[in-house]
Structures are given as structure tokens and as C-alpha cells.
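Enquirer:
Numbering (the numbering used here), first residue to last: 173 to 360.
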């Protein structure tokens, strides 16, 4: 009977460890994508940007953490072609916007995660763009080997003020809205 108790305690300890064990799943950057949308008074532009690396951390089957690096030099406009595309891509990479020569990467590091149920989590993370870090809150949905999230980023918090009606008067139809959207699909 003493051996049975010892075996039962060992089994429960092993099960408890397995349930609480952390697993880091590296993100497949080739299969993952980040799509951006920037809006202005007269319309919007959209495009892509590449993930350089990233990982999600799970405790058992629950999301417990994450960190990502984005290749800012890969900013690509997809709604324009030719010279207009080149002009916008160049402007977005310039110091007016993301200053990719000085800041070739941006990072996102999960700080807290709240389980909302049904594989949906509310994440509070630190987002670093152009050397400035600010908290951001968003929901992420995890399904098997993919995760999706929509982030709304206020660019002015990262000293990206070009064309912002919050900082400049009389811009009229040249006003660019402060918030931009990132639609993220992660494969791991």
C-alpha cells in the first residue's frame, strides 16, 4: 500500500508538472503575415511588413507569453504600383515616419495575458517603434498552430507626427489619421 501511495503522488506530481510546463513555439516567419492599413481624410493605403522572428509561450494549452521582432525595412505598399508605390514606400521608411535606417526593427513583448475563453486572450504588451516603447492592448485568438490579432497603433506615441491633425493646423484633406491598423496572422 505504501508503494501505491508513492506511485500515486509521483503520478500526480508528473501530471501537475505537465499541465504547468511552459512550451515556447517559434513563429514561422515565412508563413506568418502582417498587413497594415493607414488612413487619411481622402482614403487609405495598405501593405505588408515582414516578421523577422518571434515566439509564443504556452503554459499547458494556455497562452502565457510572446515576443516578436519586425523588419521595418520590409515596409511594402500593396495598393499602389510603379512610381507612386516607390514614393510612398520611401516616405514611410524615412524619418517622417518609421526612420528605418536608424531603427531597422521594432519589437512587441507580451507583459500580461488575460484568458477571455474560447481561445481568445487580451494581451497587454510593450510595443517599441523608433526607439520609443509604449503599452498596447489587443485581443489575440489562438487556434491549433495559428494565432490572429488586430492591433490599433497611435503613431504619435512613437514621435511619428507627419501629417497629424493632432499636431498641425490647416492640413485639410492632407491630414493623415494618427491610428494605423496591423492585422497579424501567425503560424507556428
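Cβ atoms here follow ideal geometry from the backbone N, Cα and C, with glycine treated the same way.
Does residue 346 come out as helix, strand or coil in the three-state DSSP assignment?
Expert: The answer is helix: DSSP assigns residue 346 an H, G or I state.
Enquirer: At 3 residues or longer, and completely inside the stretch 222-272: list those beta strand (DSSP E) runs for me, N to C.
Expert: 234-249
Enquirer: Here's the rule: buried if 16 or more other CB atoms are within 10 angstroms of the residue's CB, otherwise exposed. What is residue 247?
Expert: Counting Cβ neighbours within 10 Å, residue 247 comes out buried, since at least 16 surround it.
Enquirer: Identify, in the order they occur along the chain, each residue of the same chain with its Cβ nearer than 7 Å to the Cβ of residue 296, setting aside the five sequence neighbours on each side.
Expert: 283, 284, 307, 309
Enquirer: Nearest-angstrom Cα distance between residue 335 and residue 279?
Expert: Whole-angstrom Cα-Cα distance: 24 Å.
Enquirer: Should residue 256 be labelled buried (16 or more other beta-carbon atoms within 10 Å of its own) or exposed?
Expert: exposed
Enquirer: Work out the CA separation of residue 197 and residue 188 for me, nearest whole Å.
Expert: Unreliable placement is indicated for residue 188, whose pLDDT of 48 sits below 50; the coordinate value is still reported in the next sentence. Near 21 Å, if we compare the C-alpha coordinates of residue 197 and residue 188.
Enquirer: Within 8 Å, do at least three Cβ pairs link the stretch 194-210 to the stretch 343-355?
Expert: yes
Enquirer: Should residue 340 go down as buried or exposed, given a rule of 16 or more other Cβ atoms within 10 Å for buried?
Expert: Exposed, by the Cβ-count rule.
Enquirer: Quick check on the burial criterion: 16 or more other C-beta atoms within 10 angstroms. Buried or exposed for residue 292?
Expert: exposed
Enquirer: Roughly how many angstroms lie between the CA atoms of residue 356 and residue 342, to the nearest whole one?
Expert: 34 Å
Enquirer: Residue 312: buried (16+ other C-beta within 10 angstroms of its C-beta) or exposed?
Expert: Using a 10 angstroms sphere on the CB of residue 312, the tally of other CB atoms reaches 16 or more, which defines it as buried.
Enquirer: Would the beta-carbon of residue 237 fall within 8 Å of that of residue 229?
Expert: yes
Enquirer: Quick check: residue 304 and residue 331, are their CB atoms within less than 8 Å of each other?
Expert: yes
Enquirer: Figure out for me which residue from 327, 317, 344, 329 has the closest Cα to the Cα of residue 204.
Expert: Considering only alpha carbons, the answer is 317.
Enquirer: In this structure, does DSSP put residue 214 in helix, strand or coil?
Expert: Coil, per DSSP.
Enquirer: Report the option in 324, 315, 206, 271 whose CA atom is closest to the CA atom of residue 301.
Expert: 271
Enquirer: Could you check if residue 226 is buried or exposed, using at least 16 other CB atoms within 10 Å of its CB as the buried criterion?
Expert: buried
Enquirer: Keeping to the same chain, check which residues put their C-beta closer than 7 Å to that of residue 337; ignore five residues upstream and five downstream.
Expert: Within the same chain, Cβ atoms closer than 7 Å to the Cβ of residue 337 are found at 343, 347, the five residues on either side in sequence being excluded.
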